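Everything on this sheet refers to the single structure shown next.
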Amino acid sequence: MANLTTNFIGIKSPNPYWLASAPPTDKAYNVERAFKAGWGGVVWKTLGSEGPPVVNVNGPRYGAIWGADRRLLGLNNIELITDRPLDVNLREIKQVKRNWPDRAMIVSLMVPCDEESWKAILKHVEDTEADGVELNFGCPHGMSERGMGAAVGQVPEYIEMVTRWVKQHSRMPCIVKLTPNIADIRKPAEAAKRGGADAVSLINTINSITSVNLDTFSPEPMIDGKGAHGGYCGPAVKPIALNMVAEIARSADTRGLPISGIGGVTTWRDAAEFLTLGAGNVQVCTAAMTYGFGIIKELTAGLSHYMDQKGFTSVDQLVGRAVPNVTDWQYLNLNYVTKAKIDQDLCISCGRCYAACEDTSHQAISMSPDRKFEVIDDECVACNLCINVCPVADCITMEQLPKGAIDPRTGETVGDYANWTTHPNNPMAKAAE
Amino acid sequence: MTHSTTTPGIVAGRLHPEDYAQHFDDLYPDFDAHEAMVAADRCYFCHDAPCITACPTEIDIPLFIRQIQAGQPEAAARTIFDQNILGGICARVCPTETLCEGACVREAAEGKPVEIGRLQRYATETLIAKNSHPYTRAAPTGKRVAVVGAGPAGLACAHRLAMHGHDVTIFERREKPGGLNEYGIAAYKAAHGFAQAEVDWLLQIGGITLRQGWTLGRDGTLADLQEIHDAVFLGIGLAGVNALGLDGEDIPTARDAVDFIAELRQTDDLSTLPIGRHVVVIGGGMTAVDAAVQSRLLGAEHVAMVYRRGRDAMGASDYELNHAANEGVKIITNAMPIAIHANGTLREVEFAYTHAGETGLEPTGETFRLRADQLFKAIGQKLDGAPEELTRDKRKIGIDGAGRASRAGVWAGGDCTGGGEDLTVTAVAQGRDAAESIHASLMGNGA
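Protein sequences, first through last, are from chains V and W. Each residue of the first sequence is one higher than the one before, starting from 1 at the first, in my numbering. Each residue of the second sequence is one higher than the one before, starting from 1 at the first, in my numbering.
Below you can see the structure in the form of structure tokens.
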């Protein structure tokens, strides 16, 4: 049985699954339930400065999109940071950490962008004996209008400045949570690193409107006929998050910076994918909000089973394993030539591959009067669309042409690895010497 | 309850009063909106979909299912009705497992097709329940068309003609329109007066006059109709029934199954409808199944359905036969009736086992008898009352591909003609296509 224990920037937890800073971690009651269920750690829902707490809307906070059978695919929210008094949260954090010393207890923070505010809150958090802090520079709604959250996360100089204050006024490990609502995710990560952050966590939620009510013409979630953009999360955002995690993991300037991966982790497989792209652990929210804390059993058992199958004995062995294989387009092998192949025994003759290829791609699939569908190698550019739209798994596969074979589409012989940088059509090509 | 399932003879009221409503209610309930969404999501939206080809009316099935997915069942219904104005009843009575659902690629892939029939029912009933009719008539053409028979073929033809602006009179021999939908199918397939509701909805197009109690030959001839109409469509179905050819089959308790089914459909209080303790049904088609199953549902203790050939040759679908078996009907194959034993009242029916011999079906020499208080004959219907002057094709009215009969100005469709299977959906297609041919002819566009 693989060992799921993780040590993330010196913070130990029995498994790599933390609950992200969000409604599930707003109170001792919820967090106690999460720990009983088996979660490895939590990032306590974001605390603000002392004084009157923020207020939330009193109508819907969440919007959603669904797949078949109302499977929740994407969730958005307009909830703000904790709306409970600071002292109550601090007291509960301290008590829960004492009750569960083996679990990771991180406290998310968001206070105004001045040194005194940060200094003050850090002192309070240290008193709780929590394991570390996460700086919420990601929340895209509400707080950003007040110069906090994503408003900070979108300006690398601010990230660096605040991170530096935090490291200066606290000995606690510091994770900087990044917003994806930015053009190049590497810039805020670099800033966090410059400021002395121990790790970054990403992604926070994405600016979004989930839908529009076509009777009232109001965006959802709707408050009294109006709607404001919320933060989008859940399974739908995972591909975006995976890319951003990988970008930081492979960038020369941020390589080695620990990453806590967030964004649509729903099953063990999602978590494993984040780990391979460089995340040292993962944070989960939407899946727990959709199905409850019980999913942790599948998440841990699934990861453990996978690691056993692959012969991995610790989570570390998985972390970053796919990073060397993430590259730039220009380095992709142009002599990797494949052709789609349809398994006639598995084909159910729905014709989706044909419609997709004929209408929207390369006219590389033929259809006979008796509904037999076959790939025309002379036309197939191996785009993969037929596989993506085929309802039968493994019915269509990509078959690689061996070296020396002639691609019937181009008439060219398949050669050794060669990419765009040396391609004759590239005006910037470096002569292969 | 005055009687029970074991009361000897033919009596009414074998069941508790509340059992009747339950037994003859919808076989399965309509989808609700969520169930429909989930079922619709299974459709792959196949290219040039096989289900469309398999549908005699060629409904654009992937399109209407996608419209359900997109939250517009009324638009889905419109897609269905564009091709099949009786799409509501067809959704209930079509043998979908041999038509659209049999052709569904998911049937081939998983043995579990998209539930096209139930989805069609959901869509059509959503629209019919709103009692809004989505079609309007074209400008009046001044042309008059007689449609004989208010069954599926006649109704489909009349609706399409009315849509094109022609004035239509339907001549129907029975009291109610609907044909077999109203008189010829099991009650649980069209519960809650659905067949009548659908006809009422269909007639909302306007321009259609319904004349009931008018029988061709008795109340007027084909020539009479042609004299005052620009065209005539015959959708007269098969009014005759085949006989067993046995002595004693004319005793009152040996009935044609179609009469029993019709009587049952027109009986408001089924606890007043007598049924035997021992019932024998002879035949292997849908009519035999409907008679046998409904006999059980009325409280008959023993119901046997006997067919002279093997199960493969039966007209009833596997789905129907399984349903009959589940309802407790004993299905006996490869046995032909050879004698009716009665002494004033029916006692037994004697059968001989059969096998396929050199000269066709031959008795094996082994015989058996079945107790029978009541015998229902369902060995096929035949053309009756069709104008003699029309050319026949295999004992039915001969038509060409456009539905034209052998006499100019006369079209025909449905069970009374030789084309296609005797299914409601086929009749609808033929009625519709004949209407298009009539329209083209009347407007001078037809060849």
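All residues carry an ideal CB built from backbone N, CA and C; glycine is no exception. In this text the structure is predicted, and so the values were computed from the model without any measurement.
Indicate whether residue i and residue j have their beta-carbon atoms separated by less than 9 Å.
i	j	result
Cys-383 of chain V	Ser-361 of chain V	yes
Cys-395 of chain V	Cys-357 of chain V	no
Pro-24 of chain V	Cys-285 of chain V	yes
Val-147 of chain W	Ala-138 of chain W	no
Gly-492 of chain W	Gly-154 of chain W	With chain W running from 1 to 447 in the structure shown, residue 492 of chain W is simply not present.
Ala-223 of chain W	Lys-143 of chain W	no
Ile-85 of chain W	Arg-174 of chain W	no
Met-1 of chain V	Ser-304 of chain V	yes
Gly-418 of chain W	Asp-393 of chain W	yes
Thr-424 of chain W	Val-93 of chain W	yes
Lys-177 of chain V	Phe-137 of chain V	yes
Ile-185 of chain V	Ile-262 of chain V	no
Ala-49 of chain W	Ile-61 of chain W	yes
Ala-254 of chain W	Gln-374 of chain W	yes
Glu-92 of chain V	Ala-28 of chain V	yes
Ala-339 of chain W	Ile-331 of chain W	no
Ala-262 of chain W	Gln-212 of chain W	no
Val-280 of chain W	Val-349 of chain W	yes
What residues are listed by DSSP as bridge partners for residue i?
i	result
Pro-219 of chain V	V:Val-212
Thr-6 of chain V	V:Ser-13
Cys-55 of chain W	The partner list for Cys-55 of chain W (beta bridge, DSSP) is empty, contrary to what the question assumes.
Pro-337 of chain W	W:Phe-351
Asp-167 of chain W	W:Arg-144
Trp-165 of chain V	Note: Trp-165 of chain V sits in no beta bridge, so no partner.
Met-305 of chain W	W:Val-281, W:Ile-331
Arg-296 of chain W	Paired residue(s): none; Arg-296 of chain W is not in a bridge.
Gln-363 of chain V	Answer by DSSP bridge pairing: none, since Gln-363 of chain V is not bridged.
Met-148 of chain V	Note: Met-148 of chain V sits in no beta bridge, so no partner.
Gln-381 of chain W	W:Val-241
Phe-312 of chain V	In DSSP, Phe-312 of chain V forms no bridge with anything.
I'd like the list of long-range same chain contacts for residue i, defined as Cβ closer than 8 Å, with 5 residues on each side in sequence excluded.
i	result
Lys-167 of chain V	Cys-174, Gly-195, Gly-196, Ala-197
Ile-376 of chain V	Gln-363, Ala-364, Ile-365, Ser-366
Gly-59 of chain V	Pro-221, Met-222, Ile-223, Asp-224
Asp-83 of chain V	Pro-53, Val-54, Val-55, Asn-56
Leu-401 of chain V	Val-337, Thr-338, Lys-339, Asp-407, Val-414
Gly-441 of chain V	Because chain V spans 1 through 433 in this model, residue 441 of chain V falls outside it and cannot be assessed.
Glu-433 of chain V	Model confidence at Glu-433 of chain V stands at a pLDDT of 49, short of 50, so the residue's coordinates are unreliable; what they give is reported in the following sentence. Hits under 8 Å: none found.
Between the options, which lies nearest to residue i when the distance is taken from Cα to Cα?
i	options	result
Trp-165 of chain V	V:Leu-178, V:Val-133, V:Lys-187, V:Gly-147	V:Val-133
Ser-208 of chain V	V:His-229, V:Glu-129, V:Thr-413, V:Asp-224	V:His-229
Gly-237 of chain W	W:Glu-97, W:Ala-40, W:Glu-421	W:Glu-421
Pro-424 of chain V	V:Thr-205, V:Asp-378, V:Gly-351, V:Leu-334	V:Leu-334
His-124 of chain V	V:Gly-41, V:Glu-115, V:Asp-87, V:Pro-180	V:Asp-87
Ile-206 of chain V	V:Val-176, V:Met-244, V:Thr-216, V:Ser-314	V:Met-244
Ala-191 of chain V	V:Lys-27, V:Glu-145, V:Leu-257	V:Leu-257
Gln-221 of chain W	W:Leu-264, W:Leu-180, W:Phe-171	For clarity, residue 221 of chain W is Thr in the given sequence; the question names Gln instead. The candidate whose alpha carbon is nearest that of Thr-221 of chain W is W:Phe-171.
Trp-18 of chain V	V:Thr-6, V:Tyr-29, V:Glu-374	V:Thr-6
Glu-115 of chain V	V:Ala-151, V:Ser-49, V:Gly-67, V:Thr-254	V:Ser-49
Pro-101 of chain V	V:Ala-22, V:Pro-14, V:Ala-355	V:Pro-14
Ala-199 of chain V	V:Lys-45, V:Glu-129, V:Ser-260	V:Ser-260
Apart from the five residues on each side of it in sequence, which residues of its chain come closer than 7 Å, Cβ to Cβ, to residue i?
i	result
Ile-80 of chain W	Ile-59, Phe-64, Gly-87, Gln-120, Ala-123, Thr-124
Met-143 of chain V	Leu-80, Ile-81, Met-110, Gly-149
Arg-61 of chain V	Asn-77, Ile-78, Glu-79, Pro-221
Gly-13 of chain W	Met-1, Thr-2, His-3, Ser-271
Ala-447 of chain W	Because Ala-447 of chain W carries a pLDDT of 43, less than 50, the predicted location of this residue cannot be relied on, and no value is offered for it.
Ala-34 of chain V	Leu-19, Pro-24, Val-42, Phe-293
Among the residues of its own chain, which have a CB less than 6 Å from the CB of residue i, if the five just before and after it don't count?
i	result
Gly-302 of chain V	Trp-268
Arg-250 of chain V	Val-323, Val-326
Leu-90 of chain V	His-124, Thr-128
Asp-32 of chain W	none
Contact defined as beta carbons within less than 8 Å: I believe residue i pairs with residue j. What is the distance between those atoms, to the nearest angstrom?
i	j	result
Asp-25 of chain W	Tyr-183 of chain W	The Cβ separation is near 19 Å, so there is no contact.
Arg-395 of chain W	Lys-382 of chain W	7 Å
Ala-54 of chain W	Cys-100 of chain W	5 Å
Val-96 of chain V	Val-31 of chain V	5 Å
Val-453 of chain W	Ala-156 of chain W	Residue 453 of chain W is absent from the model: chain W starts at 1 and stops at 447.
Gly-276 of chain W	Ile-10 of chain W	5 Å
Val-289 of chain W	Ala-313 of chain W	Actually they are not in contact, since the Cβ atoms of Val-289 of chain W and Ala-313 of chain W sit about 14 Å apart, beyond 8 Å.
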